[in-house]
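Engineer: Take a look at this one; I'll ask things after.
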Amino acid sequence: MELLQKGIMAHTFSALLHSLQKGIMAHTFSALLHSLVRQQQLSTNLDAAHNIYRSMSTVVSKSAPVVVRPSEPPVKTSSSKIVLSPLDMPLAMVPMTVLLAFEHPIIHHHQPTADTIKMALAQALVHYYPIAGRLSCNDDEDGGGDFYIDCTSELGVMFVAASADCTMEELMRVVDNQPTDDETAVVQQLAFNCTPDVGDDGPPPLLWVQVTTLSCGGFVVGVTWSHGLADGVGIAQFIQAVGELARGLPSPSIVPVRQDDIVATQVVPPFTMALLQFLPGLKPLDLTFNNVTVPTSLINHIRRFRGRRTNDDGGQHSTTTVTAFEAVAAVLWKCRTRAVMASPEAPAILVFVVNARKYLAGVNDGYYGNCSMMHMAMAKSGAVANGDIMDVVEIIRRAKERIPEQFGEGSDRMVRELSDGQQVDGYESLLYLTSWRNIGLEEVDFGSGKTARVMTYPQRMLFSLLEKTTPICFMLMPTKEGARVMSGCVTPDHVDAFQQQILKLNANYTAT
1 MELLQKGIMA HTFSALLHSL QKGIMAHTFS ALLHSLVRQQ QLSTNLDAAH
51 NIYRSMSTVV SKSAPVVVRP SEPPVKTSSS KIVLSPLDMP LAMVPMTVLL
101 AFEHPIIHHH QPTADTIKMA LAQALVHYYP IAGRLSCNDD EDGGGDFYID
151 CTSELGVMFV AASADCTMEE LMRVVDNQPT DDETAVVQQL AFNCTPDVGD
201 DGPPPLLWVQ VTTLSCGGFV VGVTWSHGLA DGVGIAQFIQ AVGELARGLP
251 SPSIVPVRQD DIVATQVVPP FTMALLQFLP GLKPLDLTFN NVTVPTSLIN
301 HIRRFRGRRT NDDGGQHSTT TVTAFEAVAA VLWKCRTRAV MASPEAPAIL
351 VFVVNARKYL AGVNDGYYGN CSMMHMAMAK SGAVANGDIM DVVEIIRRAK
401 ERIPEQFGEG SDRMVRELSD GQQVDGYESL LYLTSWRNIG LEEVDFGSGK
451 TARVMTYPQR MLFSLLEKTT PICFMLMPTK EGARVMSGCV TPDHVDAFQQ
501 QILKLNANYT AT
């Protein structure tokens, strides 16, 4: 925890940025992507010569990757060199993948679904031309330099058309249950796997898109991107633009902007900086990834109950509504703490990702670079595990009220609170939570209806760099059954206990 001191953190973070030389950057980023591919190919039945994956029950066939460039010369609204901001830089070498499922085919075009999306992608790149660029670096006299997106060449993005001989219902059955290794490999084939030669002649593309048509007519769009380019909100804005153009709109409804000059003047809050350094330094853990559902009945009960408070005279009055995020976060934090808690006096820390756009002066709604930071709620493990669920919600709500402090003097105090005298065990004390709810991915529509499901998988998550050290839960798009969560927050010994705590909590509260 000594590493959490502000001065050491600032020095370490600065040293990290200056150590990323241009050659090291290109090599490391490419190597990371290629390593993911090699590991995946070794563990699956991929026929590379014919781009066909065969599992015990499903065949996924892929076309050869093609480059998609802007459909016409882009009208550039910013510099040809976009310097990565302090919020972009730590994520420059991190690939991220989202899978968007659509139940119905695109029928208003006389061409295959993949071709419709491919054409719209080329049109969208006219407006989002930096996405067609490449990551590069300015060398300075000290041998370091600023990383930037080179927009001068419009080299394009990668695109793959694919098909799978399974229905959406069959695919969702795999996703919603605990898939076997063979079934997991099928899901992994729904996103583009860059081949080992991608990027050998220079930095790799910043975006890969794969459209997989299913036997029922539905389709899955897998998008993999460099997180240094955009955060989840930003990439959702771009995919929405592709959908609008696929539906025939003349231009995106949100005008994209790259205000990196404004964001570059912002300082990463010391608390967020501290966590960026602290989390990867935790000891490795044998975490198990599985799917968890927080029942709709439990979420609704928490929101209804907390939405009313008793007056002194015994009457009821309305209070601020609890968000779905707060309700689900409280359930996950409480149930996990009960499953793994060693000492009720030990600290329990919930770290969660916050969209910082409204806290950064001058950043417009159309900005699609990284504007995310980390925040936390902290209490004693006993209070989280044994307290009423409404009390846990209140801890999270009060923590959210302190978010603006990260941009003022309060950030230093938050770092001290985390570091002074706290001996944090990465497994028993820490839970990292991020959410893809309500960031725009659920609003994507290519012409056949909005997104039916938002998915990902551990090997392609942002936290692939943290998944071996940081207990994590990833909130996805909800279903009628409840909030879908990809959980990687417990070891095999605690999987059943964690699941049972959620079921028990639901039974206790919905029975009242």
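Per our numbering, the sequence shown starts with residue 1, numbered consecutively. Note that the Cβ used here is the ideal one computed from N, Cα and C, for glycine as well.
Counting C-beta neighbours from all protein chains within 10 Å, is the total for Glu345 16 or more, i.e. buried, or is it exposed?
Structural biologist: Glu345 comes out exposed.
Engineer: Within 7 Å: the Cβ of Val257 and any heavy atom of the ligand ATP?
Structural biologist: No copy of the ligand ATP occurs in the structure displayed, which carries no ligand at all.
Engineer: Determine, using beta carbons only, whether Thr167 and Ser215 come nearer to each other than 8 Å.
Structural biologist: Contact flag set, yes.
Engineer: In chain order, what residues of the same chain have a beta carbon less than 7 Å from the beta carbon of Asn355, not counting five sequence neighbours either side?
Structural biologist: Result list for Asn355: Val233, Cys371 and Ser372, in chain order.
Engineer: Identify whether His127 lies in helix, strand or coil by the three-state DSSP scheme.
Structural biologist: Helix.
Engineer: Determine the DSSP secondary structure at Thr434, reduced to helix, strand or coil.
Structural biologist: Looking at Thr434 - three-state DSSP - the assignment turns out to be strand.
Engineer: Using the Cα positions of Ala511 and Thr184, report the straight-line distance between them to the nearest angstrom.
Structural biologist: Each residue's Cα considered, the two are about 36 Å apart.
Engineer: DSSP three-state call for Met168: helix, strand or coil?
Structural biologist: Three-state result, Met168: helix.
Engineer: Say whether the stretch 223 to 231 touches the stretch 445 to 452, bearing in mind that this needs 3 or more beta-carbon pairs closer than 8 Å, one atom from each stretch.
Structural biologist: No, the stretch 223 to 231 is not in contact with the stretch 445 to 452.
Engineer: Please state whether the Cβ-Cβ distance between Val160 and Pro70 is less than 8 Å.
Structural biologist: It is not a contact, given that the beta carbons lie outside the stated cut-off.
Engineer: Here's a check: name, in chain order, each residue in its chain whose Cβ is nearer than 6 Å to the Cβ of Ala120, leaving out the five neighbours to either side.
Structural biologist: Counting only Cβ-Cβ distances below 6 Å, and skipping sequence neighbours, we find Val242, Leu245 and Ala246.
Engineer: Would you tell me roughly how many angstroms separate the C-alpha atoms of Lys400 and Met96, rounded to the nearest one?
Structural biologist: Computed Cα separation, rounded: 26 Å.
Engineer: Can Leu431 and Pro471 be called in contact, C-beta distance under 8 Å?
Structural biologist: Yes.
Engineer: Counting along the chain, where does the alpha helix (DSSP H) carrying Tyr509 start and finish?
Structural biologist: Counting along the chain, the alpha helix (DSSP H) containing Tyr509 begins and ends at Val495 to Thr510.
Engineer: In whole angstroms, what is the alpha-carbon distance linking Pro105 and His301?
Structural biologist: So the alpha carbons of these two residues sit roughly 37 Å apart.
Engineer: Under 8 Å Cβ to Cβ from Leu505, same chain only, skipping five residues before and after it: list those, please.
Structural biologist: Once the five neighbours on either side are set aside, the close Cβ partners of Leu505 are Leu298, Val331, Lys334, Cys335 and Ile389.
Engineer: Could you check how far apart the C-beta atoms of Gly369 and Asp88 are, in whole angstroms? I think they sit under 8 Å.
Structural biologist: Rounded, the Cβ-Cβ distance is 6 Å, consistent with contact.
Engineer: Considering Cα atoms alone, identify which of Pro74, Gly488, Thr469 and Met378 is closest to Pro284.
Structural biologist: Measuring from the Cα of Pro284, the nearest candidate turns out to be Thr469.
Engineer: Count the other CB atoms, across all protein chains shown, that sit within 10 Å of the CB of Leu503; report buried if there are 16 or more and exposed otherwise.
Structural biologist: Label assigned to Leu503: exposed.
Engineer: Between which two residues does the alpha helix (DSSP H) carrying Ala339 extend?
Structural biologist: Its alpha helix (DSSP H) spans residues Ala324 to Val340.
Engineer: Under DSSP, the alpha helix (DSSP H) around Ile389 begins and ends at which residues?
Structural biologist: Residues Ile389 to Glu401.
Engineer: Just checking my contact of Gly366 with Val257 at CB under 8 Å: how many whole Å lie between their CB atoms?
Structural biologist: Contact holds; Cβ gap of about 4 Å.
Engineer: Can you tell me where the alpha helix (DSSP H) holding Leu135 begins and where it ends?
Structural biologist: Per DSSP, Leu135 belongs to no alpha helix (DSSP H); it is in the beta strand (DSSP E), Arg134 to Cys137.
Engineer: Leaving out five residues before and five after Tyr148 in sequence, what residues of the same chain have Cβ atoms less than 8 Å from its Cβ?
Structural biologist: Counting only Cβ-Cβ distances below 8 Å, and skipping sequence neighbours, we find Lys81, Ile82, Val83, Leu84, Leu135, Ser136, Cys137 and Asn138.
Engineer: Leaving aside the five residues before and after Leu207 along the sequence, list all residues of the same chain whose C-beta is less than 6 Å from its C-beta, in chain order.
Structural biologist: The residues are Ile131, Val157 and Trp225.
Engineer: Taking the Cβ atom as the reference point for each residue, do Phe498 and Val485 lie within a distance shorter than 8 Å?
Structural biologist: Contact: no.
Engineer: Which class does Ile107 belong to by DSSP, given the choice of helix, strand or coil?
Structural biologist: Ile107: coil per DSSP, three-state reduction.
Engineer: For Phe305 and Glu481, I'd like the C-alpha separation in whole angstroms.
Structural biologist: Cα-Cα distance, rounded: 20 Å.
Engineer: To the nearest angstrom, report how far apart Ile395 and Met378 are at their CA atoms.
Structural biologist: Approximately 8 Å, taken between the alpha carbons.
Engineer: What are the boundary residues of the alpha helix (DSSP H) that Val233 is part of?
Structural biologist: Unbroken alpha helix (DSSP H) run through Val233: Gly232 to Ala246.
Engineer: Tell me, please, which residues DSSP counts as bridged to Asn355.
Structural biologist: According to DSSP, which records beta bridges pairwise, Asn355 is partnered with Ser372.
Engineer: Give the range of the beta strand (DSSP E) segment to which Gly222 is assigned.
Structural biologist: Gly222 -> beta strand (DSSP E) spans Phe219 to Ser226.
Engineer: With C-beta atoms as the reference, is Ala383 less than 8 Å away from Met341?
Structural biologist: Their beta carbons are not under 8 Å apart, which means Ala383 does not touch Met341 by this criterion.
Engineer: With 8 Å as the threshold, decide whether the Cβ of Tyr427 is near any Cβ in chain D.
Structural biologist: Chain labels in this structure do not include chain D; a single protein chain is all it has.
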